[in-house]
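Just so we're aligned: 113 in UniProt numbering is position 113 of the first sequence, and the numbers increase by one with no gaps anywhere. Beta carbons: idealized from backbone N, C-alpha and C, even for Gly. Here is the structure we will look at.
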Amino acid sequence: MDFPELHPWDLTPKSAIALQKMLAKRVCLDNRLPREVRHVAGVDVSYRRGGRDFYAAVVVLQMPDLAVVEKVTARGTVTFPYIPGLLSFRELPVVLQAFKKLALTPDVVMVDGQGIAHPRHLGLASHLGLWLDLATVGCAKSRLCGEHGPPGSRRGDRVALRLENETVGAVLTTRNGIKPLYISPGHLLDVDTSVDLVLRCLGRYRLPEPTRLAHHLANEARRHGISAPLQP
DNA sequence: GCGACAG
DNA sequence: ATCTTGTCGC
Numbered sequence: 001m002d003f004p005e006l007h008p009w010d011l012t013p014k015s016a017i018a019l020q021k022m023l024a025k026r027v028c029l030d031n032r033l034p035r036e037v038r039h040v041a042g043v044d045v046s047y048r049r050g051g052r053d054f055y056a057a058v059v060v061l062q063m064p065d066l067a068v069v070e071k072v073t074a075r076g077t078v079t080f081p082y083i084p085g086l087l088s089f090r091e092l093p094v095v096l097q098a099f100k101k102l103a104l105t106p107d108v109v110m111v112d113g114q115g116i117a118h119p120r121h122l123g124l125a126s127h128l129g130l131w132l133d134l135a136t137v138g139c140a141k142s143r144l145c146g147e148h149g150p151p152g153s154r155r156g157d158r159v160a161l162r163l164e165n166e167t168v169g170a171v172l173t174t175r176n177g178i179k180p181l182y183i184s185p186g187h188l189l190d191v192d193t194s195v196d197l198v199l200r201c202l203g204r205y206r207l208p209e210p211t212r213l214a215h216h217l218a219n220e221a222r223r224h225g226i227s228a229p230l231q232p
């Protein structure tokens with residue numbers, strides 16, 4: 001159950017699903033955020049179509065100005081195929097390597113992917129949150145599961161994302177007339193707090209600054225083919 | 001069996 | 001996610 005100790009290639013989709021069901025019980029949806037959120041981190045992974053290398057990037061921004069205070073990257077190897085619902089088994093290993101290089105411990109982490117808006121309530125954001133014991137928010141660009149009404153078209157508009165008769169997240173419009181984002185709590189916070197946090201991290205783009213900047217940094221790391229700690 | 005399906 | 005050139009719009 002521990003990546004560093006478990007040979008990744010021994011994990012089968014079936015065992016991965018069993019593990020998700022176990023871990024999902026430990027996800028906490030109560031707010032455990034500090035009174036004042038000082039640091040918000042964004043994480044993302046990049047790789048080439050036929051390549052075996054994965055590049056993860058973590059960027060830490062300070063609130064409320066969103067200034068970058070730390071950036072790290074890490075390189076890893078593909079050990080699991082992409083299967084909808086099992087994304088964390090593919091991306092978590094390299095993401096964890098990147099977090100090991102982080103000097104700061106952010107109050108919350110924004111992830112490119114789902115939180116509990118997942119078939120077994122354990123999307124990448126939730127899995128990462130449990131692993132790091134940090135508050136995490138799932139910020140996906142498209143839907144994995146769940147139903148929702150027509151999203152509003154103005155920034156700030158949101159509609160509930162429901163799954164099995166429960167609200168597991170929100171479909172949030174981050175820019176006027178632009179395709180909305182799928183927000184769901186990963187760990188240690190609730191839906192409303194997740195949405196509020198994303199809104200407070202919004203710049204002039206569709207994606208909130210933390211994940212947007214992490215995306216760029218991961219792409220840059222991939223292009224350089226190296227992984228080196230950086231100084232802001 | 002068929003359609004859906006984060007990144 | 002990634003592959004790719006131009007192109008429509010604020």
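For residue 70, there is no enclosing alpha helix (DSSP H); the residue is part of the beta strand (DSSP E) that begins and ends at 67-77.
In the displayed model, residue 97 falls within a helix according to three-state DSSP. Under the DSSP assignment, residue 129 falls in the alpha helix (DSSP H) whose first and last residues are 124-132.
Cβ contact annotation for residue 102 (same chain, cutoff 8 Å, sequence separation greater than five): 41, 58, 60, 70 and 72, in chain order. With a cut-off of 8 Å on Cβ pairs, the segment 20-38 is in contact with the segment 121-139, counting three or more such pairs. Ranked by how close their Cα comes to the Cα of residue 169, the residues 83, 144 and 154 have 144 in first place.
Secondary-structure assignment with DSSP links residue 59 through a beta bridge to 42 and 71.
When the Cα atoms are used, residue 76 and residue 53 turn out to be separated by approximately 6 Å.
DSSP places residue 209 inside the alpha helix (DSSP H), whose first and last residues are 209-224. Under DSSP, residue 110 shares a beta bridge with 42 and 137.
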